[in-house]
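Only one structure is covered here, and it is reproduced in the block below.
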Amino acid sequence: MPTEVRGAIALRKALRQFEPDLAKETTKEITSFLKPVVKNARGFLPSNEEVPSGWVKRPNQGGRWANRSYDAAEARRGVSFKSTPSKPNRNGFRSLATIFNKSAAGAIYETAGRKSGVTGKFTPHLGGQLKGKGQKGTGRVIFRAVEEDQGKAKAGIMKALKRAEDKYYGRVK
Amino acid sequence: MSLLVQIAAEFTGIKAFRKADNAVTKLEKSVKSLGRALGVSLTAAAFVSFAKAAAADEAAAAKLANAVKNLGMEFANPYIADYISKMEQQTKVADDELRPAFQALITQTSSLAKSQELLSTAINVSRGSGESLATVANDLAQAYAGNTKGLKKYYLGLTSAQLAAASFTEIQTLLNKQFSGASTQYLNTYQGQIDTLSLAFGNLQESAGRAFFTLIGGAGGSAGGANTFGRFLEGVGIGLEKTAQSISDWFVRQTMSQDAFDAYLAKRNQAPAPTPGKELFKKSSSNDYVLMKLEKDRQALIKKQLNAQKALTAEQKKQAALKKAGTIFDLAQIQIIAALKGDLSDEERKRLELQLALETENVTEAKKLTYELAIAQGLGVKLAQDLASLPAASNPFAAWKGYLDEVELQAKRIAAFTPMSVGAGIPATSGTDFGGNKIGTPVPNFTPPPSGTYGIGGGAPVVVQIDGKTIASALMDQSLSGNQAYVNRRTGGFD
């Protein structure tokens, strides 16, 4: 469960409106904490030779699996971050920063076996390690990277926001 | 949908929540301002509890209606609702208490008139003894069924043995005598006045709750309903008039003596508390009359059905007795019974018992004895079971008739055969026959028989007989004789 904060989004809005340079500086600071995690996460993705050969994307491939076949480069491109606030989800939460794994193949590699176990003919051959908290917080790529980061990125972002707030109120006074 | 790791999330609320939240906030403000105007403290939460009160009231009414329906008196539901309402006004007992008490009584007595009578008694006893109406009603219902244990707490002056021996009518008379007028006296006390207030406010809550539901339904949702209801309260202040009246009465009571207050109340057309046992519907005699008539018709129908049932049972008993008496003169049975008294072997005894069972049409016994007999005769268990459960045998001679008919047909055909006449169409030839006569010349010393004697060429048909009977019927009689030499059931043939 992400750390719940209050007023962070309003703060960033105020910064953007009244202190744009401070807003930019804060964004840079947040980015600096997220980049290493994302880089780490990309490193966990296997190359085309390491995954089962039948799953690798082939040129002119058609059918249902055309969009689901694995391509290492595409999967790496799909792992990234966002430092702007997201839209509210169904529970009413918005996040200040997000790390995501967008591609289909990347998501398959991330989550394969986390519910039913690493069994069968496909999942055991994927390699990697499932790490994280809870069933929905476990994965081989981004969740593993966040878990191994041990909350350093999160703490850094909080501190950056706090500093921005202090600077903002300092300047406003 | 891509996988996400959210960092530093913030709850900003969902659109629907915000809308409802705004509506509730507005309602709170309206209610608080109204409360300030009245000098009382009111909150929106109170109105939610009113809605609950309305819902509970409706549920209780439905429960009583269902109980009455299960007793087959669904027709009386509107009258009962009217009765409860009037009872509430006159005795100042909340309908929440009246309904369960009435339900207990009507379920036990199955009589509308009796239940009304007992409810009046129960109210007086409850007010006089301090017990809750539900407890008193329950005790009366139990006493009606013969269990008088619960009546000890009312100190009727009877021992346990006397209570057990007394009839319900006697007990009811005692209760009425002891607690007569208790309800009237109670209403004149301070507590009675407070209860009156509480009842009025309780009814107000229910009315407000019902209004709330109505507005919710009209506005299409709880948020809209709350808004509309708040505006309604601000504009009109509906529903508080009755409370205001009750509060006013209370204040009036503090400023005058009891007699003056009674006169004041009498001026407001308050009806006196009911006298136990007397009808409550003096003012609504049409209802009363209808109820009484319905009750009477129903009782008459039940009595008629009961009498018819009794007559049928008596007739059936008579028939059974006659049949049993008839068996005394059954000779076959007499002979079997006489034979059973003799000295017999087990197998013979079983045979006779089986015969007796067949005579008396005792199927269970017959099956059992058939099985035992078969076992005793050394037949296998399975075969004995099969024998005991054999269905009715079909006629083994059914196919014979067809066969015999065919034989008869053949015989008729033979009898009807006309051979060609000698010499007709046969060319004359020289030569001699077996006797040495020349063919074509008369045989010497031969006298032909008279025509019509033999079957060929016409005449009487050939008839074959056995014991003077034709073959078909003779064979039939033989096989039906029961003689094992002629009948072989296993092979299906006959000798």
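If you read the sequences in order, they're chains A and B. FYI, my numbering numbers position 169 of the first sequence as 169, with every residue one higher than the one before it. Quick note, my numbering runs 1000 ahead of the 1-based positions in the second sequence. Cβ coordinates follow ideal geometry from the N, Cα and C atoms, glycine included.
Contact criterion: CB-CB distance below 9 Å. Does residue i meet it with respect to chain A?
i: B/Q1006; result: yes
i: B/A1009; result: yes
i: B/L1003; result: yes
i: B/A1223; result: Caution is warranted here: a pLDDT of 45 is assigned to B/A1223, below 50, making its placement in the model unreliable, and no coordinate value can be reported.
i: B/G1217; result: Below a pLDDT of 50, predicted positions are generally treated as unreliable, and B/G1217, at 49, falls in that range; no measurement from the model is reported.
As a quick exercise: from the options, pick the residue whose alpha carbon is nearest that of residue i.
i: A/E147; options: A/N91, A/N40, A/Y168 and A/K13; result: A/N40
i: A/A73; options: A/N91, A/N48 and A/L130; result: A/N48
i: B/K1063; options: B/I1375, B/D1139, B/E1097 and B/D1249; result: B/E1097
i: B/G1326; options: B/K1412, B/T1360 and B/L1301; result: B/T1360
i: B/G1128; options: B/F1179, B/K1401, B/L1151 and B/A1145; result: B/F1179
i: A/F100; options: A/K82, A/F93, A/K167 and A/F18; result: A/K82
i: B/S1126; options: B/D1139, B/D1343, B/E1170 and B/Q1355; result: B/D1139
i: A/T123; options: A/K131, A/A112 and A/S80; result: A/A112
i: A/S69; options: A/R58, A/G78, A/R77 and A/V79; result: A/R58
i: A/T98; options: A/Q17, A/T31 and A/L11; result: A/T31
i: A/L126; options: A/G78, A/R114, A/R12 and A/N91; result: A/R114
i: B/K1114; options: B/Q1172, B/T1159 and B/K1153; result: B/Q1172
i: A/K87; options: B/A1311, B/Q1006 and B/L1352; result: B/Q1006
i: B/D1082; options: B/Q1116, B/N1070 and B/A1056; result: B/Q1116
i: A/D71; options: A/P85, A/P46 and A/N89; result: A/P46
i: A/K121; options: A/N91, A/S53, A/G92 and A/K152; result: A/S53
i: B/V1136; options: B/A1104, B/A1165 and B/D1405; result: B/A1104
For my contact list, residue i and residue j are in at a C-beta cut-off of 8 Å; report their separation, rounded to the angstrom.
i: B/I1106; j: B/V1068; result: 7 Å
i: A/Y168; j: A/E19; result: 6 Å
i: B/L1354; j: B/T1364; result: With a Cβ gap of about 12 Å, B/L1354 and B/T1364 do not count as contacting.
i: B/N1176; j: B/T1121; result: 6 Å
i: B/L1294; j: B/F1075; result: 7 Å
i: A/G78; j: A/K102; result: 4 Å
i: B/L1174; j: B/L1156; result: 5 Å
So, using beta-carbon positions, are residue i and residue j closer together than 9 Å?
i: A/F33; j: A/A145; result: no
i: B/T1109; j: B/A1141; result: yes
i: A/A23; j: A/L161; result: no
i: A/I157; j: B/A1008; result: yes
i: B/E1347; j: B/A1376; result: yes
i: A/A164; j: A/L15; result: yes
i: B/A1143; j: B/D1095; result: no
i: A/E110; j: A/R64; result: no
i: B/I1080; j: B/A1101; result: no
i: A/A104; j: A/N60; result: no
i: A/S95; j: B/L1004; result: yes
i: B/E1315; j: B/K1350; result: no
i: B/L1112; j: B/M1073; result: yes
i: B/E1131; j: B/Y1154; result: yes
i: A/V37; j: A/I142; result: yes
i: B/L1340; j: B/L1322; result: no
i: A/R76; j: A/R42; result: yes
i: B/I1337; j: B/L1356; result: yes
Can you find a C-beta in chain B that's less than 9 Å from the C-beta of residue i?
i: A/S95; result: yes
i: A/A8; result: yes
i: A/N101; result: yes
i: A/T111; result: yes
i: A/L34; result: yes
i: A/T27; result: no
i: A/S86; result: yes
i: A/S98; result: For clarity, residue 98 of chain A is Thr in the given sequence; the question names Ser instead. Yes, its Cβ sits closer than 9 Å to a Cβ of chain B.
i: A/A105; result: no
Would you say residue i reaches chain C, if we count a Cβ-Cβ gap shorter than 9 Å as a contact?
i: B/P1100; result: Among the chains of the structure shown, chain C does not appear; the protein chains present are A and B.
Residues, ordered as in the chain, of the stretch 138-163 of chain A that lie near chain B by beta-carbon distance below 9 Å
G139, V141, I142, F143, A145, V146, A153, K154, I157, M158 and L161
For the stretch 59-81 of chain A, which residues have a CB atom closer than 7 Å to at least one CB atom of chain B, in sequence order?
none
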